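Note that the sequence shown covers residues 1 to 64 in UniProt numbering.
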Amino acid sequence: MHFLQLTPCQKTANRVLAVGRTPVEHGVAHLKNWRILTKLRTDPARATRLLRALLVLTNLEVNR
C-alpha cells in the first residue's frame, strides 16, 4: 500500500480537525446510551431540543 506524505500544513489541518471532531464524537457516543433515542419519531426542531437537553444531563453526570 502506498501512502502519500502529508505536508506540514496538511498535518496541522488534520490536527485542528481532530481537536474539533473529538468532543462531537464523545457527545454522540454518550447520546447512544439514551435508549429513548431509538424510539424518537419527531420533527427535527423538537429532536434538537431533546438532544441538547440530553447532552446537558450527560455532561453534568460525566463531569460530576
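All residues carry an ideal CB built from backbone N, CA and C; glycine is no exception. Predicted model, so just to flag it, every value in this text is computed and none were measured.
On a Cα-Cα basis, can you pick out the residue from L6, C9, F3, L51 that is closest to L31? In the sequence shown, residue 31 corresponds to position 31, counting from 1. Check the Cα spacing between L31 and each of L6, C9, F3, L51: the tightest is with L51.
Starting from the C-beta of L55, find all residues in its chain whose C-beta is less than 8 angstroms away, skip the five residues before and the five after it, and write them out in chain order. Residue numbering aside, residue 55 sits at position 55 when the sequence shown is read from its first letter. Taking L55 as the centre and dropping the five residues before and after it, the same chain places the C-beta of G27, H30, L31 closer than 8 angstroms to its C-beta, in chain order.
Between which two residues does the alpha helix (DSSP H) holding T12 run? Here residue 12 corresponds to residue number 12 of the sequence shown, with the count starting at 1. Boundaries of the alpha helix (DSSP H) harbouring T12: 8 to 31, taken from the DSSP string.
Alpha carbon to alpha carbon, how far is C9 from L17? Give it in angstroms, no decimals. Position 17 of the sequence shown, counting from 1, holds the residue named residue 17. Position 9 of the sequence shown, counting from 1, holds the residue named residue 9. Between the alpha carbons of L17 and C9 lies a gap of roughly 12 angstroms.
Taking the continuous alpha helix (DSSP H) assigned at R49, which residues delimit it? Walking along the sequence shown from the start, residue 49 turns up at place 49. Boundaries of the alpha helix (DSSP H) around R49: 44 to 62.
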